[in-house]
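Residue numbers (the numbering used here): -6 to 211.
We put the beta carbon where it would ideally sit given N, CA and C, even for glycine.
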């Protein structure tokens, strides 16, 4: 289970984000952070796989590396101060709709949708929304969705194809280049608690109708 020691590690890492400190505390990372996070992922897989059998049940492949890619970043600190995981058909970096979990020192980020959409697929998604706009709005306006996740998020295009302009009058979400929703919960409330798995699954279930709707595009 995730405990207070998980948070303590990341709080200290934030103040000592360098390779020397990390290597000196590598056992703490393995025992107090990585292992309980992987155990949590393995507990989530049965439900996710039941919802979508294409999701691979391998917690190590679902988890993103803690090492940062600093090649094109002004911030050269070598480590993330959060562990993240993605659950999608074709893997965590897939363009296909999926589920996301990130746990930092203080917060649980949980949600899902579509993040990495290339132009041809984006057009297909917009066409699908345009042809099924009432179903799309019923999902994004549903009480469970808004109570758990708030509003749909994503980068927005400045321009829109003419054939989608009419739909924009019904929902400006057609302008989105990404279609995802995310909740931010306090981690402190879930130390040593089986309720952590339950609350994550609750939020995954809230995003599930959107994922299933978007999946029909492909």
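Beta-carbon to beta-carbon, residue 57 and residue 78 are separated by about 7 Å, close enough to satisfy the 8 Å threshold. A residue is called buried when at least 16 other Cβ atoms come within 10 angstroms of its Cβ; residue 103 meets this threshold and is buried. In this chain, the beta strand (DSSP E) harbouring residue 102 covers 100 to 107. In the assembly as shown, residue -4 is an exposed residue. Its beta-carbon has fewer than 16 other beta-carbons within 10 Å. Fully contained in the stretch -4 to 83 are the following beta strand (DSSP E) runs of length 3 or more, in chain order: 75 to 80. In the DSSP assignment, residue 179 falls outside any alpha helix (DSSP H) and lies within the beta strand (DSSP E) extending over 172 to 179.
For a cut-off of 8 Å, the C-beta gap from residue 150 to residue 3 is around 35 Å, too long to register as a contact.
With contact defined as three or more Cβ pairs closer than 8 Å, the stretch 120 to 134 and the stretch 143 to 161 are in contact. For residue 160, the enclosing alpha helix (DSSP H) stretches over residues 158 to 161. With respect to residue 105, residue 95 sits apart: the two C-beta atoms are not nearer than 7 Å.
Taking the Cα positions, residue 140 is about 11 Å away from residue 195. Of the candidates 6, 13 and 44, 44 places its Cα closest to the Cα of residue 198. In this structure residue 100 does not touch residue 156 by the C-beta definition: roughly 40 Å separates them, more than the 8 Å allowed. Annotation: residue 18 to residue 49 spans about 31 Å, alpha carbon to alpha carbon.
Pairing residue 117 with residue 142 gives a Cβ-Cβ distance that is not under 7 Å. Three or more Cβ pairs closer than 8 Å define a contact, and the stretch 183 to 195 meets that threshold against the stretch 32 to 46. For residue 132, the uninterrupted alpha helix (DSSP H) run begins and ends at 126 to 133, by DSSP. Residue 185 sits in coil when the DSSP states are folded into three classes, being neither helix nor strand. The Cβ atoms of residue 119 and residue 82 do not sit closer than 7 Å to each other. Within 10 angstroms of the beta-carbon of residue 63 lie fewer than 16 other beta-carbons, which makes it exposed. Taking every protein chain shown into account, the CB of residue 172 has 16 or more other CB atoms within 10 angstroms, so this residue is buried. DSSP, reduced to helix, strand and coil, places residue 96 within a strand of the structure shown. For residue 206, same chain residues with a beta-carbon under 7 Å away, outside a window of 5 residues either side, are 128, 129 and 132 in chain order.
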